[in-house]
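K.L.:
Pasting a structure here, questions to come.
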Amino acid sequence: MQIKTTILLLLILMTSLVNAQSKSDVFRKDVPVTWLGLDFTSNKFIGDRERFGSESDVRHLIDAWNELILKESDKYDIARAIDRVSVENAIEVTNENNAQLDVLSMFSENEKDYLHMKTSDVAEIVWNFDFKDLTGIGLMFNVESFNKLNQEGSIWITFIKLETKEVLFTERMVAPPGGAGMRNYWAGCIRGILVKIQKKEFEMWRKKHYRP
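Numbering (my numbering), first residue to last: 32 to 243.
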């Protein structure tokens, strides 16, 4: 009985060490990361309904935000934000998922929808994704809300172990929008969050979670 208990404790310890190591990989410069794009599964657009236009217009906007990050990578520098020289790109993962969403159900006038997600919601979203044959660590931005009423957007920054769909790390971040036109207006929020991550947040997360 004592031997079985000892073995069980060792297995628990080993599992804990493996998980800790995996989370630490998020903060190692030499560990590759694949950028998966912006996920809108649980997003809410709060206020400003008229300016979003038709269902087709909304779908075009969602695609445009994902494409903008790649086209203007010097401005929306994912790699620099997470202390990497470069990242692989696989935004088709989120593009395909976003294309299946009921975008009209995303609209709300309820202020309570601004910060409506929990870490468990992020884990559930990730679990339902098809990452195809991707391996290693993936980075996805899970958009929680773009709130015109208080002029702020909320996005979960989520690192994923792609083979197992395990969420290694996720954190909510917020920033104000800014820019001309609907695309650039909320793209300003995305850029603001990237700047925050690059300047301060990523290093704070590293100090808290990294284990050599």
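A virtual CB, placed ideally from N, CA and C, is assigned to each residue, including glycine.
Name the one or two DSSP bridge partners that Val198 has.
P.N.:
Val198 is bridged to Ile191.
K.L.:
When the Cα atoms are used, what is the spatial distance from Val157 to Glu194?
P.N.:
Their Cα atoms are separated by approximately 12 angstroms.
K.L.:
Does DSSP put Met213 in a helix, a strand or coil?
P.N.:
Met213 falls in the helix class under three-state DSSP.
K.L.:
Assign Asn159 to one of two classes, buried (16 or more other C-beta atoms within 10 Å of its C-beta) or exposed (fewer than that).
P.N.:
Per the 10 Å Cβ criterion, exposed.
K.L.:
Please classify Pro207: is it buried, with 16 or more other beta-carbons within 10 angstroms of its beta-carbon, or exposed?
P.N.:
Under this definition Pro207 is an exposed residue.
K.L.:
For Glu119, which residues in the same chain have their Cβ closer than 6 angstroms to its Cβ, ignoring the five residues on either side in sequence?
P.N.:
Correct list, in chain order: Thr65.
K.L.:
Please report how far the alpha carbon of Lys192 lies from the alpha carbon of Ala154, in whole angstroms.
P.N.:
Rounded to whole angstroms, Lys192 to Ala154 spans 12 angstroms at the Cα level.
K.L.:
How is Thr150 classed by DSSP in three states: helix, strand or coil?
P.N.:
In this structure, Thr150 counts as helix in the three-state DSSP scheme.
K.L.:
Pull up the distance between the alpha-carbon of Phe138 and that of Ile188, whole angstroms please.
P.N.:
Using only the alpha carbons, I get a separation of about 22 angstroms.
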